[in-house]
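Numbering (the working numbering), first residue to last: 11 to 339.
We put the beta carbon where it would ideally sit given N, CA and C, even for glycine.
Predicted model only: the values in this text are computed from it and were never measured.
Below is one structure, written out as structure tokens; comments come after it.
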């Protein structure tokens, strides 16, 4: 369905709708399949007919065969299996249909050129690149620490996030956020054990020439804003009271979570049972007046349960939704 298309409802019934891959195949476009080793077996089997000597795709729903246009080109990209994340080895017969090109990781000089081109000359770039490079070497090459939670990736994405934070204007009156807060959020808090976090602090000292300060951010709530440390979020007028309270030790994580919300970054909270992951998100949603929708994930959940599907009209559901909207006014 994702690869070639499916039947979708139209005004007077259902009609076949081409997926982007089939559209590109018919037009003769170029296609890049990113993270190909995350694809399901059914997708790989569907690609096989495009890649062999036939160069055709048969769609049983249409009882039609589509021939690859002359200009059609297929590219694929994948990360090494050692990086985890559900990646699997592709069948040898499938891989042999491609010409393999191995690309080295970006080096410090490459990252420096990119950062200078995107963010301009900034006093923190050299130190951040050096720190990021040493983190990669210590955790992934020499494996001095960070075994819990490995494998790790410290790359251009981390440096870009650091520079985005460093160059963003502060909502606070006391000036910009300090560099130390970024390092603690982007690097130290990712480590799973206290020993690993001590190693990050030692690495910070060797690069920046000073200690990474230990700090407990303060909480300040007004009618319009919620401030935890250097992070500030606007409050909605529909803020609801809650029995939950943020403990002093959780404010550091609340500050990082609020920074992710400010920057529209997705955040994943990692911790043991009873660590307060769910409660922290519930508390933050409550004090800022945002509606929180919770969904319990399990191995049996598919996309239709998350995004929706076609079913018979339920008048009661529409009535309940209308009541919710009226109550929020």
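Take the alpha-carbon of residue 103 and the one of residue 275: they are about 39 Å apart. The three-state secondary structure of residue 146, taken from DSSP, is helix. Residue 68 has 75 as its beta-bridge partners, per DSSP. Burial is judged here by how many other beta carbons sit within 10 angstroms of a residue's own beta carbon; residue 255 has fewer than 16 and is exposed. In the same chain as residue 14, and ignoring 5 residues on each side of it, the C-beta atoms closer than 7 Å to its own belong to 29, 31, 32, 56, 67, 69, in chain order. Burial is judged here by how many other beta carbons sit within 10 angstroms of a residue's own beta carbon; residue 72 has fewer than 16 and is exposed. Look at residue 20 here: in three-state DSSP terms it is strand. Counting of Cβ neighbours within 10 angstroms places residue 19 among the exposed residues, the total staying below 16. Look at residue 176 here: in three-state DSSP terms it is helix. Residue 61 and residue 107 do touch by the CB rule: their CB atoms are close to 4 Å apart, below 8 Å. Between residue 176 and residue 154, the alpha-carbon positions lie close to 29 Å from each other.
Cβ contact annotation for residue 266 (same chain, cutoff 7 Å, sequence separation greater than five): 195, 199, in chain order. Taking a cut-off of 8 Å on C-beta distances, the segment 258-272 does not touch the segment 206-220, as fewer than three cross pairs fall below it. Remark: C-beta atoms of residue 134 and residue 189 approach each other more closely than 8 Å. Using a Cβ distance threshold of 8 Å, residue 118 and residue 139 count as a contacting pair. For residue 160, there is no enclosing alpha helix (DSSP H), as DSSP marks it with neither H nor E. Here residue 316 is exposed. Its C-beta has fewer than 16 other C-beta atoms within 10 Å. Residue 169 and residue 301 have their C-alpha atoms spaced approximately 32 Å apart.
Residue 228 is a Cβ neighbour of residue 239, given a cutoff of 8 Å. The C-beta distance from residue 236 to residue 298 rounds to 6 Å, short enough to meet the 8 Å contact threshold.
Note that the C-beta distance between residue 49 and residue 82 is not below 8 Å. Within the model, the alpha-carbon separation for residue 97 versus residue 54 is close to 14 Å. With respect to the C-alpha of residue 45, the residue from 165, 75, 85 having the closest C-alpha is 85. Along the length of the segment 249-278, whole beta strand (DSSP E) runs at least 3 residues long do not occur.
In the structure shown, residue 230 falls within a strand segment according to DSSP collapsed to helix, strand and coil. The C-alpha of residue 78 is placed about 49 Å away from the C-alpha of residue 202. If you look at residue 297, you'll find it in the alpha helix (DSSP H) that goes 287-298. Inclusion of residue 173 and residue 137 in the CB contact set at 8 Å is not warranted, their separation being larger than that value. For residue 105, the closest alpha carbon among the candidates 87, 310, 294, 313 is that of 87.
Assigned with DSSP and collapsed to three states, residue 313 falls in helix.
Note on residue 332: under 16 other CB atoms within 10 angstroms of its CB, so exposed under the neighbour-count rule. Between residue 114 and residue 89, the alpha-carbon positions lie close to 11 Å from each other. Our two residues, residue 246 and residue 295, have alpha carbons roughly 10 Å apart in a direct line.
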